[in-house]
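Here is the structure we will look at.
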Amino acid sequence: MEIIMSVVIGFLFMAAVYLMLSKSLIRIIIGTGLLSHGAHLLILTMGGLGGTAPPVVADGVSISDYVDPLPQALILTAIVISFAVTSFFLVLAYRSYQELGTDNVNLMRGTEDND
Amino acid sequence: MSLVFLIFLPIIAALFIPLLFKKIGQIHTGWFVLVVPVILFIYYATLLPTTMDGGTRVSEFQWIPSLDISFIAYLDGLSLLFSLLITGIGSLVVLYSVFYLDKKREQLHNFYVYLLMFMTAMLGIVQSDHLITLYLFWELTSISSFLLIGYWYTRDRSRFGALKSMMITVFGGLMMLGGFVLLSIMGNTYSIRELISQAPELLGHEFFTWALVLILLGAFTKSAQFPFYIWLPDAMEAPTPVSAYLHSATMVKAGLYLVARFTPIFAASGTWVWLVTGIGLFTMFWGSFFALKQKDLKGILAFSTVSQLGLIMSLLGASALGFHVEDAAGTVFKYAAFAAIFHLVNHAVFKGSLFMIAGIVDHETGTRDIRKLGGLMSIMPISFTIAMIGSFSMAGIPLFGGFLSKEMFLTAMLAIAEFDLFSMDVWGILFPVLAWIGSVFTFVYSFYFVFHTFAGKHKPEELPKHAHEAPIGMLVSPAILAVSVIAIFFIPNVVGDWLVKPAVLAIQPFMYSNPEEIDIHVSAWHGANTEFFMTLGIFAIGALLFWSFRKWKQAYDAFPDSVSLNRLYDSFMYLSDGGANRFSAVYMTGFIRSYLVYMFGFVVLIVLSTLVITDAFVLDLSNTAPIGIYEIIILIALVGGTITILAAKSRLTAIIALGAVGYSVALFFVIFRAPDLALTQLVIETISVALFLLAFYHLPKVSKKEERMGFKLGNAAIALGVGITMTLVALASHSQKILPSISEYYKETVYSEAGGGNIVNVILVDYRGFDTLFEITVLGIAGIAIISMIKLRLNKKEGQHENK
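Respectively, the protein sequence lines represent chains P and E. Note that our numbering has the first sequence beginning at 578, numbered continuously upward. Note that our numbering has the second sequence beginning at 1476, numbered continuously upward.
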């Protein structure tokens, strides 16, 4: 399963980077969203997908049966932060479109006189 | 009283200057400032008897003990002499500035803060026994000099001069730091005293010559030696009190101090003698020759300072010869060090007064152009008298202090001709000859300065102001200096015993152990010897040249401006500025895509090369989880969603597909037994999609911009590279577990230590509570940023520029 997951993670990263390199602001934001999904799955896979019980203490479950809780804790933090970043980007895109009238990042380039 | 504290007294006083300037503006701030150097001068003067007996004072203050860095104030004869010059001339300059700078029009708080900062820096240089703090103070003088030269910062020339002096002296300072580090490696200590005590062992070290050259670069740039002197004439844009203080009496002498201080370490080296004496003497000749070309009063004085600094430098170089001669204390080689220090004192005194006179002339006539000046003798009689005393001392005429040290300079230079080491027996004769030529030109420019300003025909129509004598307060400081010039001539041995001999002891500890052993008696007349005839020659030829100056001054036009050192500096600055701009413009395109390409490109490059170099890639297929049917279905949904995003033409499709991908990830979390993640992901994904829809309502359509094929292919190549890299990383990290995971500890102790059941939650709020705290902080920052962005409106107003 980990092998397949690794390939899928690679695919997610690829799609995310491709989107982020485009000129349209919307595609860039979607790209960052995909990138965080890929990163979350990467952390999960790194810890191993084995384990038969969710990481909640219960009677009759031996310690080795729990799923690794550390990647989950890290991902939980990451999900919240990626949400913050995504919403920040969205407002940034909305406001810059309002002010500048374009969503093409190439046209937003600063010039010598107007840095 | 702690000596270290006294070093910092001026800068502590500087803290109160802005307050005094703002609150008590009707009294000139300079009066408050004056107290500081006067107190310090009096205190340092009380230490004179200590150093006269060869004693020293040390006080230490730990600064960074873990790095073995501390402020060590070490006062011996040399340090005390410099401290007295700094505070003494400093007091007079502050007094002078009270009348020179108008309290209503000038930014006095800036000026005096810089000046006091400089005073601390300078005292720090001459008293530090620790190499690193010495370097610190050294750079602080460069910075305060920069600020003071650029004090009238609205003038282009001021900013240019400030930058030039900073570039050159900081370059030298960095070189010197390199030399210091080498020295500390060689001697395994930062203390100059300890380094001096192990000088013989240092001599054979492989770094010795490197350290020597690097430290000399620091000294030569600071003391404006050839070819680094070019910053000093441009530094004359500073207010005249600054020129008198920094650029003649104190800061430019820091290089001389450095050479004097390190003479005991490097004296044994022939390279040292040749470099210091040779460069010094050549600078003396060069500066005196080009002083006559100048049209600006302060320009003449600047070149004259360069020349005089070279003279003292060459004497310091010659003082190292005493190391190589048996019983040097009894031979002619004993004079060099004494002459160096003696002339240093003389120069500080007469050059300080001359700068102040130049400032007075500028202040009262409105110009410093010597072609417009003339005939001021009857209008400004007191200034004329002071200028004449200073100039005659500089020219080396009897009845003035400069005569004595100039004679001794010739004696020391003649002694070099008799020296027979380091091929001096062949080239040695050049030294007295060059010294003599330099002295002739010194004589001529001294007369040029004073008589072309004060004698001749008065040209009131060319002066911007109606000329008149300066107010009495402005004349006090130069008058005190002028009186000292004459006093030195009549009591040279008092000066010698009190100031010079203790300092000589610090330069030549290999010859003397006590100042009283120095058997030098200064007298104005010592028979009709070679020096005497050389001096007569200087007067005769000098007077002749001065008299015929108008006839031969066209000779200076033969030197083309286009190949000067200044041009070299200008084109270097221009090229480095333009070159750096062009170079960064090549990759700093302003396109976000370019920067992302660099980042992703380097991620691929660095991660892959690390994998290859450290041989980290391992593929281990055992210990994998089984492949289940639900996982495969979700995977297909996930990949399908991603492809849909890539291909989507409308924004709604893209949003929905992104939502699908997010929900698939949530389902993954369910399957891989991560209930908390699944819950969070579902909530967040729902809000995200709602936010996207909200924002997209305002945003333009996802338009397929005219993106060229090459552009797309390039993106695809980088994207593929990143994808493959991440796959490899994921595989490699799964296949090898080198360190045991800390999760085992969490699993075992979650109930016993933290009293919780949900391991993930306990990790977040307990074991790694700070992580969560900062996560919340990030959320808060994002929230503030969002609010401010919504409120923000682009300001179309034009930016202010200081030149506009």
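Note that CB positions come from ideal geometry on N, CA and C, so glycine has one too.
Notebook entry, point to check: Does the ligand GDP have a heavy atom nearer than 6 Å to the CB of E1992(E)?
Noted result: Ligands in the displayed structure: none, and consequently the ligand GDP is not present.
Notebook entry, point to check: From the beta carbon of F660(P), is the nearest beta carbon of chain E less than 7 Å away?
Noted result: yes
Check: Do V668(P) and M2264(E) have their CB atoms nearer than 7 Å?
Finding: yes
Checklist line | L1550(E) (DSSP reduced to helix, strand or coil) | finding: strand
Check: In chain order, which alpha helix (DSSP H) runs of at least 4 residues are fully inside the stretch 1639 to 1687 of chain E?
Finding: Here the runs fully enclosed are 1667 to 1672, 1674 to 1678.
Next item on the list: Could you have a look at Y2226(E) and say whether DSSP puts it in helix, strand or coil?
Entry: coil
Notebook entry, point to check: How long is the line joining the alpha carbons of K1934(E) and E1839(E), rounded to whole angstroms?
Noted result: For K1934(E) and E1839(E), the distance between alpha carbons rounds to 14 Å.
Check: What's the call for T1562(E), buried or exposed, on a 16-neighbour Cβ count within 10 Å?
Finding: buried
Check: Roughly how far, in whole angstroms, is the beta-carbon of K1847(E) from the beta-carbon of E1937(E), given that I think they are within contact range, below 8 Å?
Finding: 4 Å
Next item on the list: State buried or exposed for M2063(E), treating a residue as buried only when at least 16 other CB atoms are found within 10 Å of its CB.
Entry: exposed
Next item on the list: Verify whether the separation of the beta carbon atoms of P648(P) and P632(P) is less than 7 Å.
Entry: no
Margin query: Does V1800(E) come out as helix, strand or coil in the three-state DSSP assignment?
Written below: coil
Notebook entry, point to check: Just to confirm, are F1906(E) and M1883(E) a CB contact at a threshold of 7 Å?
Noted result: no
Checklist line | 7 Å Cβ shell around L1598(E) - same chain, five flanking residues per side excluded | finding: I1482, S1558, I1561
Checklist line | Sequence ranges, alpha helix (DSSP H) only - wholly within the stretch 1701 to 1788 of chain E, length at least 4 | finding: Within the stretch 1701 to 1788 of chain E, the complete alpha helix (DSSP H) runs of at least 4 residues are 1706 to 1709, 1715 to 1719, 1729 to 1741, 1745 to 1766.
Check: Skipping 5 residues on each side, what residues in its chain have a beta carbon closer than 6 Å to that of L1484(E)?
Finding: none
Note to self: Please report the distance separating the alpha-carbon of I1618(E) from that of M1641(E).
What the structure shows: 7 Å
Check: Nearest to V1960(E) by CA position, among V1824(E), G1931(E), F1918(E), is which residue?
Finding: Closest by C-alpha distance to V1960(E), out of V1824(E), G1931(E), F1918(E), is V1824(E).
Item checked: Among A593(P), L598(P), G608(P), I656(P), the one whose alpha carbon lies nearest that of G2185(E) -> L598(P)
Notebook entry, point to check: In the structure shown, what three-state DSSP assignment does S1619(E) receive?
Noted result: helix
Check: Which same chain residues, not among the five before or five after F1867(E), have their C-beta less than 6 Å away from its C-beta?
Finding: F1875
Next item on the list: Quickly, what does DSSP pair V638(P) with across the bridge? List them, please.
Entry: The partner list for V638(P) (beta bridge, DSSP) is empty, contrary to what the question assumes.
Note to self: Taking beta-carbon pairs under 8 Å, can you tell me which members of the stretch 2148 to 2164 of chain E lie near chain P?
What the structure shows: R2148, A2149, P2150, D2151, L2152, T2155, Q2156, I2159, I2162, S2163
Next item on the list: Could you tell me whether the Cβ atoms of L1791(E) and A1815(E) are closer together than 7 Å?
Entry: yes
Note to self: Can you check whether the C-beta of N2056(E) is within less than 7 Å of a C-beta belonging to chain P?
What the structure shows: no
Checklist line | N-terminal and C-terminal residue of the alpha helix (DSSP H) that I620(P) is part of | finding: For I620(P), the uninterrupted alpha helix (DSSP H) run begins and ends at 602 to 624, by DSSP.
Margin query: Using a Cβ-Cβ distance cut-off of 7 Å, determine whether K2266(E) contacts chain P.
Written below: no
Next item on the list: Return no unless some Cβ of chain E is closer than 7 Å to the Cβ of D636(P).
Entry: no
Checklist line | Rounded distance between the beta-carbons of M1527(E) and D1804(E), thought under 8 Å | finding: Inspection of the sequence shows that residue 1804(E) is occupied by Ala rather than by Asp. With a Cβ gap of about 18 Å, A1804(E) and M1527(E) do not count as contacting.
Notebook entry, point to check: For I1667(E), which residues from the same chain have a beta carbon less than 6 Å from its beta carbon, with the 5 sequence-adjacent residues on both sides left out?
Noted result: D1604
Notebook entry, point to check: Name the chain P residues that come within less than 7 Å of G2230(E), Cβ to Cβ?
Noted result: Those within 7 Å of G2230(E) in chain P number zero; the least Cβ separation is about 11 Å.
Checklist line | Residues sharing a beta bridge with R1532(E), DSSP | finding: L1550(E)
Check: Using CA coordinates, which residue listed in K1940(E), F2014(E), P1856(E) is at the minimum distance from Y1920(E)?
Finding: F2014(E)
Note to self: Quick check on N2190(E): buried or exposed, where buried means 16 or more other Cβ atoms within 10 Å of its Cβ?
What the structure shows: buried
Next item on the list: Going by CA-CA distance only, name the one from L2239(E), A2205(E), G2244(E) that's closest to G615(P).
Entry: A2205(E)
Notebook entry, point to check: Using the rule of at least 16 other Cβ atoms within 10 Å of the residue's Cβ for burial, across every protein chain shown, is G637(P) buried or exposed?
Noted result: exposed
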